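Quick notes on the structure that follows.
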Amino acid sequence: MELKTTLKDYTALEFQALVNQIWAVDLPKSDHDRLINHFDRIVGHPQGADLLFYPMDKSNTNTPEAVVHHVRTWHHQQGIPAFKDEDVPVAKPLVAPLTPLARSLAEVEKIAADVAVSGQVVEEAFGHFELQIRNFQRQKNTRLDISPQETGIRALEHAQHEALIAVRKFQSWKMRVEFVQSGAQRNLTYARSEQAQWQSIVQQINATHDRYLLRLESLSQRHRALHDEAEALLIVAHQRLIDSRSTIQTVHTISASLDSAHKRPDLLLTGGSPVLLASQQADLLKAIRSTVAGFSWQNASGGPDTENQRAAVLSFAFSSRADAQIFGVSVPLSELLPIEGQDWQHLAANQAEVEVPFRMSTAAVPARPGKMFQGLREIKTLSQVYLNACRGCHSISGVRVRAATQDQHWNRFSFTPEVAGVTVHWARPIFVETAPAATPTHQRRVGFVESARVPTIEAKAERAHDRFDDYILVFPVSSGLDPLYIVFNRPAK
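UniProt numbering puts the first residue of the sequence shown at 1, with every later residue one more than the last.
Dropping the structure here:
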């Protein structure tokens, strides 16, 4: 996490993330203390770091959001902004209250202006979207390397997303326009004077409503046409990107956090940004524990043989077609079996295999028809992670035990599986204080993330003869880290 020099170098969201990180208490003590000291130094509030631990409002429970609220309020009371790109609220001068007629007229005029501005935003988004489509069309017959292909796909998808957001914003005015129209008509019905003026207001809002509906229909039709045109290009470009990747041997790199790896499961994607939210990691952990408990209960109670059973513990969809869709899932090994009593260092040194009662696998599965949409595009395929019961599965090999290599120069641990074409690097977050800089906005790389609290145990279509692309990673004794279970997906070629 990047630590900045002063409070005003943080946006409100960035400062909230800092407070959330402190409250999570999932860092080594030295790093956690460093964050608290940093907070105390920059916050500017008389209570300093005490804000984190002692609520100012005795009637309410202290929360990370309350901490940020108190910091902002105190700075505003001093007449200064608290965060970057934030203004101090200016006290509004006292003005004479408007008459009901004037208030209704102002409301009608304001919503007409707001709708017009929103429509202009849509037109600008459509213009940019159409420009990206034309640029994409000009390059469709040009042979490009993989990186430019990915960049082109992401640029068109971004323009597609911005157009969608603008259209949705314009659509959101429908209920508001109808509400103002209904209010104006009601005022006219019950008005005892100034009938002509009230009638004029009703005519204005009726005209605004009619223009809005006509423009909404026109923009929706144009949006659909642009979307369909872009989708046709993206489908072809995606297949071309897949073909290009199949001709080049590429090792993809995944960067993961060492601090959370031995505490909770995580979804690992190429690139360094976190994929799952903390709440989603917690849901995944609950799903894994629930499934393990269910299988264990069946085994202990003499219930049906669990050998051919599995449960889906995680499902998600990739947001961009440019993504290589290579991923891994890591789980603390202690969640799957007792780790005491095994010489894991010896097993890793000898590249041994061990029997594990529960193993994970991945698959691409069809989504429920008509249920999931990314904008106007229906999501038809999900990536799914299963937890499989493997007691008595003698037809498959054990889990490979391998040692994670330590890189002293980069202060990280690395592992490259045998066939996945990917390397994973685990490192501790580096906390550095830097001068303020523009922070790029990252779109979520996966969507429709779901982990059922109590996953449904199901029978597999066939007996478990599949090979599992999974490993047990053993870290050096000096690291103090417990073994880690990790599984990789095997995307279709």
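Note that CB positions come from ideal geometry on N, CA and C, so glycine has one too. Because the structure is a prediction, the values reported are computed rather than measured.
Segment limits, alpha helix (DSSP H) that includes residue i
i, result
"K169", "146-171"
"V108", "100-139"
In DSSP terms, what residue i is bridged to
i, result
"P332", "L484"
"M56", "Its beta-bridge partners do not exist; DSSP assigns none."
"T253", "T423"
"P366", "T381"
"Q406", "F413"
"Q78", "None, per the DSSP bridge assignment."
"F316", "S383"
"Y471", "R400, I486"
"R359", "N388"
"A311", "L387, I457"
"E86", "DSSP output for E86 lists no bridge partner at all."
"V354", "V399"
Counted within 10 angstroms of its Cβ, other Cβ atoms place residue i as buried (16 or more) or exposed
i, result
"S330", "buried"
"E217", "exposed"
"R402", "buried"
"I63", "Sequence check: residue 63 is Thr here, not Ile. Exposed."
"V424", "buried"
"N135", "exposed"
"E150", "buried"
"T208", "buried"
"N388", "buried"
"Y190", "exposed"
"W23", "exposed"
"F373", "exposed"
"R310", "buried"
"G341", "exposed"
"P440", "Confidence is the limiting factor: at P440 the pLDDT is only 41, short of 50, which leaves the residue's position unreliable and the question unanswerable from this model."
"H442", "In this prediction, H442 scores a pLDDT of 49, lower than 50, which makes its location untrustworthy; the coordinate-derived value is nonetheless stated afterwards. H442 is exposed by the Cβ-count criterion."
"T270", "buried"
"N350", "exposed"
"residue 563", "In the structure as shown, the chain begins at 1 and stops at 493. Residue 563 is therefore absent and cannot be evaluated."
"M175", "exposed"
"R289", "exposed"
"V236", "exposed"
"K371", "exposed"
"D243", "exposed"
"S315", "buried"
"E157", "buried"
Helix, strand or coil at residue i [DSSP, three-state]
i, result
"K8", "helix"
"I326", "coil"
"G341", "coil"
"F15", "helix"
"I288", "helix"
"A464", "For A464, the pLDDT reaches just 45, beneath the cut-off of 50, and the residue's location in the model is therefore unreliable, although a value from the coordinates is still provided. Coil at A464, not helix or strand."
"D259", "helix"
"N388", "strand"
"F373", "strand"
"D283", "helix"
"V477", "helix"
"E178", "helix"
"P64", "helix"
"V71", "helix"
"R192", "coil"
"R321", "coil"
"G48", "coil"
"R143", "coil"
"A184", "helix"
Extent of the continuous beta strand (DSSP E) run through residue i
i, result
"D210", "Unbroken run through D210 is the alpha helix (DSSP H), 195-246; no beta strand (DSSP E)."
"S414", "412-415"
"D33", "Looking at the DSSP string, D33 is not in any beta strand (DSSP E); the run it does join, the alpha helix (DSSP H), is 29-42."
"E458", "457-459"
"D266", "266-269"
"G447", "446-450"
Contact with chain B by residue i, beta-carbon distance below 8 Å
i, result
"V177", "Judged by its chain identifiers, the structure shown contains no chain B, having just a single protein chain."
8 Å contact criterion, which residue i and residue j should meet: CB distance rounded
i, j, result
"I36", "L52", "7 Å"
"V167", "H223", "5 Å"
"P357", "L337", "6 Å"
"Q384", "V365", "5 Å"
"I326", "H252", "5 Å"
"Y471", "P417", "6 Å"
"F170", "S118", "5 Å"
"L241", "I153", "7 Å"
"L164", "G328", "Going by Cβ atoms, the distance from L164 to G328 rounds to 31 Å, so no, they are not a contact pair."
"P55", "A66", "7 Å"
Proximity test, residue i beta-carbon vs the ligand PLP heavy atom, cut-off 7 Å
i, result
"D228", "For the structure depicted, the ligand PLP is absent and the ligand set is empty, with no information on it obtainable."
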